[in-house]
Structure formats: C-alpha cells, structure tokens
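Numbers 5 to 108, taken from our numbering, label the letters of the sequence shown in order.
The C-beta atom is built at its ideal place from N, Cα and C for all residues, glycine as well.
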Amino acid sequence: MYTVLILLHIAICASLIISVLLQSAKGEGLAGAFGGSSLTGTVFGGRGAATFLSKATTVLAVAFMSSSIVLTFISPGGPTQSVLEGSSAVEEAVREGQVPAPQQ
Numbered sequence: 005m006y007t008v009l010i011l012l013h014i015a016i017c018a019s020l021i022i023s024v025l026l027q028s029a030k031g032e033g034l035a036g037a038f039g040g041s042s043l044t045g046t047v048f049g050g051r052g053a054a055t056f057l058s059k060a061t062t063v064l065a066v067a068f069m070s071s072s073i074v075l076t077f078i079s080p081g082g083p084t085q086s087v088l089e090g091s092s093a094v095e096e097a098v099r100e101g102q103v104p105a106p107q108q
C-alpha cells in the first residue's frame, strides 16, 4: 500500500512540474509588479479566465500537498514518541547517556 502511494506521489510530482513548465509567462515577472511595467490598474496584471493548465496546476498542487500529508502519517517509521512529546534529539541523547548533561 505504501509503495503504491509513493508511486502515485511521484506521478503527481512529475505532472505538477510539467504543468507549471508548460504555462506561458504572464507579464514581466516581479519587476512588472513594482512599476517596471506598462500595466496599470492592477498589481500583478490581468488574470482573465483561468486556463486549463492553471486549473490543472491548482488541482495537482492540492493533490501534492494532500499526498505529502498522508505519506507523512502512514510512513513505516511513523511519528516518533519524542516528536509527539516535543523533546529534541539533544534531550534524548542526554537522557540515554550518549552525551553528558550540560553543567548549570
């Protein structure tokens, strides 16, 4: 099950990369937003109707974030107890005796 989800996640990643790279540039980039452009009335230029690629990019981005969260929770290691308790790796090393405790 985990392997299938990893493969699905990789397919979503590749599709997201392709959909972003296929989109055409809108405006002059960040320089156009701060006065370097002839566009007036809007900060980032007119958006117009969303194209198929922009809708696909949005859907793939949501799928990417969702699959990342799902994979985090069902990973074989799972969240460790120290993460749930809020202790750091240094505190655990001191507790296990690997590192001497700091002098206060």
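> So, is residue 16 buried or exposed, given that buried needs 16 or more other C-beta atoms within 10 angstroms?
Replying inline: Along the sequence shown, read from residue 1 onward, the residue named residue 16 stands at position 12. Looking at its Cβ environment, which holds 16 or more other Cβ atoms inside 10 Å, residue 16 is buried.
>> For residue 25 and residue 7, what's the separation of their Cα atoms in angstroms?
In response: Translated into the one-based positions of the sequence shown, residue 25 becomes position 21. Translated into the one-based positions of the sequence shown, residue 7 becomes position 3. One C-alpha to the other measures close to 27 Å.
> Beta-carbon separation of residue 11 and residue 74 under 8 Å?
Replying inline: Here residue 11 refers to the residue found at position 7 of the sequence shown. Here residue 74 refers to the residue found at position 70 of the sequence shown. Cβ distance not < 8 Å, so residue 11 and residue 74 don't count as in contact.
> Exposed or buried, which one is residue 23 when buried takes at least 16 other CB atoms within 10 Å?
Replying inline: As a first step, residue 23 is located in the sequence shown; it is residue number 19 there, counting from the start. Buried: at least 16 other Cβ atoms inside 10 Å.
> Nearest CA to the CA of residue 18: which residue from 97, 65, 96, 107?
Replying inline: Sequence index remark: in the sequence shown, residue 18 carries index 14 (1-based). Selected option, being the one with the closest Cα: 65.
>> Can you list, in chain order, the residues of its chain with a C-beta nearer than 6 Å to that of residue 67? Leave out the 5 residues immediately preceding and following it.
In response: Numbered from its first residue, the sequence shown carries residue 67 at position 63. Excluding positions up to five away in sequence, the list reads 16.
>> Suppose you measure from the CA of residue 61 to the CA of residue 72; what does that come to, to the nearest Å?
In response: Here residue 61 is taken as the residue at index 57 of the sequence shown, counted from 1. Here residue 72 is taken as the residue at index 68 of the sequence shown, counted from 1. Taking the straight line joining both Cα atoms gives about 16 Å.
>> Between the alpha carbons of residue 57 and residue 76, how many angstroms are there, rounded?
In response: Within the sequence shown, numbered from 1, the residue matching residue 57 stands at position 53. Within the sequence shown, numbered from 1, the residue matching residue 76 stands at position 72. Approximately 28 Å between the Cα atoms of the pair.
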